[in-house]
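Participant: There's a structure below that I have some questions on.
In structure tokens:
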């Protein structure tokens, strides 16, 4: 059974940084890549960043380009999201999942709350 556990969220001032982590059960990303999504109150969940599991190549939503960096540790089945220059509009619950392209394919974990104060 696929398990995804996100952590690392918190309250930060605008301009600050956070590093999110996602611990996945073994074999979660076989045949898939990994991605981060977020859901703000009253809004639909949206894609933030994805990483090609085999190569580590990252790709991003326009809102994340230049500020966020996704990475992975294959051996540990971990996915990370380094978020810099945070803005109040980044406030959301952040989730990781297995993906193809920009689409998620697994069950959602509990997510981790990121709150950016102005």
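In this note's numbering, the protein residues as written are 215 to 332.
Ideal Cβ positions, reconstructed from N, Cα and C, are used throughout, including at glycine.
Everything numeric in this text was worked out from a predicted model, so none of it was measured.
Identify, in the order they occur along the chain, each residue of the same chain with its Cβ nearer than 7 Å to the Cβ of residue 325, setting aside the five sequence neighbours on each side.
Facilitator: Excluding residues within five positions, the ones whose Cβ falls inside 7 Å are 220, 307, 308 and 309.
Participant: Counting pairs of Cβ atoms below 8 Å between the segment 225–244 and the segment 254–261, do you hit three or more?
Facilitator: Judged by Cβ distances under 8 Å, the segment 225–244 makes no contact with the segment 254–261, as fewer than three pairs qualify.
Participant: Under DSSP, the beta strand (DSSP E) around residue 244 begins and ends at which residues?
Facilitator: First-last for residue 244: undefined, no H or E at that position.
Participant: Just the Cα atoms here: how many angstroms apart are residue 300 and residue 327?
Facilitator: Straight-line Cα distance between these residues: approximately 14 Å.
Participant: Can you tell me whether residue 220 is helix, strand or coil according to DSSP?
Facilitator: Correct three-state label for residue 220: strand.
Participant: Within the continuous beta strand (DSSP E) that includes residue 296, where are the two ends?
Facilitator: First-last of the beta strand (DSSP E) with residue 296: 292–297.
Participant: How would you label residue 266, buried or exposed, when you count the other beta carbons within 10 angstroms and need 16 or more for buried?
Facilitator: Residue 266 is exposed by the Cβ-count criterion.
Participant: Measure the C-alpha to C-alpha separation of residue 312 and residue 329 and round it to an integer number of angstroms.
Facilitator: Their Cα atoms are separated by approximately 24 Å.
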